[in-house]
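K.L.:
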């Protein structure tokens with residue numbers, strides 16, 4: 049079973065993925081670590097631009113390696129905001145979401161630049177990760193959004209486990225489009 053955990057930065061992906069890995073005795077593939085370890089990016093204007101095709105190839109290699117190492121427990125958790133960009137079959141894709149004003153506080157705590165905060169807030173309001181996952185997974189993969197703003201890591205992981213065990217069918221219907229007008233006024237003076 050392959051589980052992807054994706055979402056914009058600051059939604060809780062890393063913490064949720066680590067606990068999900070523990071609960072399922074799974075292998076964890078951390079996209080950020082692979083990008084840095086394999087140097088599959090180039091720097092442009094101080095930002096890392098990841099080569100998605102090379103990343104996809106490396107992730108496939110990691111999946112094969114993980115399956116070979118642990119054939120009796122072939123559950124793999126793939127974590128990272130770029131997971132939504134991958135055209136890799138998955139059984140479940142969990143898109144972690146966060147209310148924009150709370151996400152903004154989390155990103156400020158991480159000392160993100162205002163430009164980076166704005167980009168990530170806009171991506172969250174426009175459902176970027178969910179839309180990309182839907183576009184890239186042209187199979188019948190179940191894509192589930194989970195609002196993390198008012199939930200602990202344990203609560204989010206419990207939802208994931210319940211969905212996988214088929215104890216929970218409906219999760220969250222997330223729509224932050226109402227924040228777009230406020231965002232436009234705040235950051236673009238319109």
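Residue numbers (my numbering): 49 to 238.
From the three backbone atoms N, C-alpha and C, an ideal C-beta is built for every residue, glycine too.
I think residue 52 touches residue 141, with their Cβ atoms under 8 Å apart; what is that distance to the nearest whole Å?
P.N.:
Here residue 52 is taken as the residue at index 4 of the chain shown, counted from 1. Here residue 141 is taken as the residue at index 93 of the chain shown, counted from 1. That pair is a contact at about 5 Å.
K.L.:
Shortest alpha-carbon distance to residue 172 belongs to which of 72, 136 and 226?
P.N.:
Taking the first residue of the chain shown as position 1, residue 172 is located at position 124. Measuring from the Cα of residue 172, the nearest candidate turns out to be 226.
K.L.:
Measure from the alpha carbon of residue 199 to the alpha carbon of each residue in 49, 57, 64 and 101, then state which is nearest.
P.N.:
Translated into the one-based positions of the chain shown, residue 199 becomes position 151. When each option's Cα is compared against that of residue 199, the closest is 64.
K.L.:
Ordered along the chain, which non-local residues of its own chain (more than five positions away) have a Cβ less than 6 Å from that of residue 72?
P.N.:
Start at 1 with the first residue of the chain shown, and residue 72 comes out as number 24. Excluding residues within five positions, the ones whose Cβ falls inside 6 Å are 123.
K.L.:
Taking the Cβ atom as the reference point for each residue, do residue 170 and residue 58 lie within a distance shorter than 9 Å?
P.N.:
Residue numbering aside, residue 170 sits at position 122 when the chain shown is read from its first letter. Residue numbering aside, residue 58 sits at position 10 when the chain shown is read from its first letter. Result no, Cβ atoms of residue 170 and residue 58 do not sit closer than 9 Å.
K.L.:
Quick one, which of 174, 130 and 164 has its alpha-carbon nearest residue 81's?
P.N.:
Taking the chain shown and counting its residues from 1, the one referred to as residue 81 is at position 33. Residue 130 is the option with its Cα nearest to residue 81.
K.L.:
Taking residue 82 as part of the alpha helix (DSSP H), name the residues at either end of that continuous run.
P.N.:
Translated into positions along the chain shown, residue 82 becomes position 34. Taken as a continuous stretch (DSSP letters only), the alpha helix (DSSP H) holding residue 82 covers 79–85.
K.L.:
Under 9 Å between C-beta atoms, does residue 133 make it to chain B?
P.N.:
Judged by its chain identifiers, the structure shown contains no chain B, having just a single protein chain.
K.L.:
Give me the residue from 207, 232, 134 and 175 with the minimum Cα distance to residue 223.
P.N.:
As a working mapping, residue 223 is identified with position 175 in the chain shown. Checking every option, the nearest Cα to that of residue 223 belongs to 175.
K.L.:
Could you please give the first and the last residue of the uninterrupted alpha helix (DSSP H) stretch that includes residue 176?
P.N.:
Reading the chain shown from its first residue, position 128 is the one you call residue 176. First-last of the alpha helix (DSSP H) with residue 176: 176–184.
K.L.:
Sort out for me which residues DSSP pairs residue 110 with in a bridge.
P.N.:
Translated into positions along the chain shown, residue 110 becomes position 62. Per DSSP, none; premise fails for residue 110.
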